[in-house]
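Q: Input: one structure, supplied below.
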Ligand SMILES: [Zn+2]
């Protein structure tokens with residue numbers, strides 16, 4: 003979904019759009035293969051405010067997704083709800099200027115665009131990539147594998163074992179029982 007800056011009206015411009023399931027899943031898998039789409043599209047409800055040369059992007063993104071916990075492989079459903087509020091700046095305006103060094107895209111609320119074009123889908127992708135945990139896991143309390151490791155760690159401590167070896171010791175334990 004690409005918009006032309008020249009064609010924006012002064013004031014608020016609404017851009018509701020969806021990223022269809024397969025493309026959305028592609029974005030999720032860029033983070034980790036354990037993520038998947040929940041079978042529905044990712045819905046973005048974005049607005050671009052234009053006041054003379056200043057552009058601001060705001061709106062919400064609803065990304066229904068699921069993942070397998072990296073620890074216990076339990077399959078979970080969830081949804082990522084994002085609120086975006088970014089200032090959009092033309093790249094050309096800053097090229098080679100001292101401000102360019104100070105204003106980088108590491109400032110989460112600044113995004114640059116080239117020429118006359120803003121790719122809204124690319125911005126949503128960026129927001130999703132920034133927000134998702136690199137490795138999905140269920141919460142410590144619900145994760146049987148996390149409890150297992152925690153138990154192993156505490157029993158290692160009582161046995162006088164270096165706690166860093168606890169996961170290995172637990173594994174050894176597991177195999178000797180089988
Ligand atoms: Zn888990």
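In the numbering used here, the protein residues as written are 3 to 180. Where is the CB? At the ideal position from N, CA and C, for every residue including glycine. In this text, all values refer to a predicted model and were calculated from it rather than measured experimentally.
Does the stretch 133-149 come within contact of the stretch 67-75, defined as at least 3 CB pairs closer than 8 Å?
A: These segments touch.
Q: Would you call the stretch 109-126 and the stretch 19-35 in contact, with 3 or more CB pairs under 8 Å?
A: Output reads yes: the stretch 19-35 touches the stretch 109-126.
Q: Is there contact between the stretch 50-59 and the stretch 86-93, where contact requires at least three CB pairs shorter than 8 Å?
A: Counting Cβ pairs under 8 Å, three or more are found: they touch.
Q: Note down the Cα distance separating residue 21 from residue 84, rounded to an integer number of angstroms.
A: Straight-line Cα distance between these residues: approximately 14 Å.
Q: Look up residue 54 in the DSSP assignment and say whether it is helix, strand or coil.
A: Of the three classes helix, strand and coil, the one that applies to residue 54 here is coil, per DSSP.
Q: Is residue 136 closer than 9 Å to residue 234 when the C-beta atoms are compared?
A: Not covered by the structure: residue 234. The range shown for the chain is 3 to 180.
Q: Check each candidate in 44, 15 and 86 and name the one with the smallest Cα separation from residue 24.
A: For residue 24, the nearest C-alpha among the options comes from 44.
Q: Let me check understanding here. Comparing Cα to Cα, which of 81, 39 and 10 lies closest to residue 52?
A: Residue 52 has its Cα closest to that of 10, out of 81, 39 and 10.
Q: Here's a check: name, in chain order, each residue in its chain whose Cβ is nearer than 7 Å to the Cβ of residue 6, leaving out the five neighbours to either side.
A: So the qualifying residues of the chain are 118 and 119.
Q: Would you list the residues whose beta-carbon is nearer than 7 Å to any heavy atom of ligand 1, in the order they occur in the chain?
A: Cβ-based neighbours of ligand 1 within the cut-off: 71, 73, 74, 76, 139, 140, 144, 145, 146, 147 and 148.
Q: Does the Cβ-Cβ distance between residue 69 and residue 46 come in under 9 Å?
A: In this structure, residue 46 does not lie closer than 9 Å to residue 69 by Cβ.
Q: Short of 8 Å in beta carbon distance, which residues of its chain neighbour residue 139, apart from the five on each side in sequence? Order them along the chain.
A: Here the set comprises 71, 72, 73, 145 and 148.
Q: Smallest Cα separation from residue 141: which of 80, 132 and 48?
A: Nearest option by C-alpha distance: 80.
Q: Does DSSP put residue 28 in a helix, in a strand, or in coil?
A: Helix.
Q: Please check if any C-beta of chain B sits within less than 9 Å of the C-beta of residue 74.
A: Absent from the structure is chain B; it holds one protein chain and no more.
Q: So, is residue 112 buried or exposed, given that buried needs 16 or more other C-beta atoms within 10 angstroms?
A: Per the 10 Å Cβ criterion, exposed.
Q: State the Cα-Cα distance for the pair residue 49 and residue 13, rounded to the nearest angstrom.
A: Roughly 10 Å between the two C-alpha positions.
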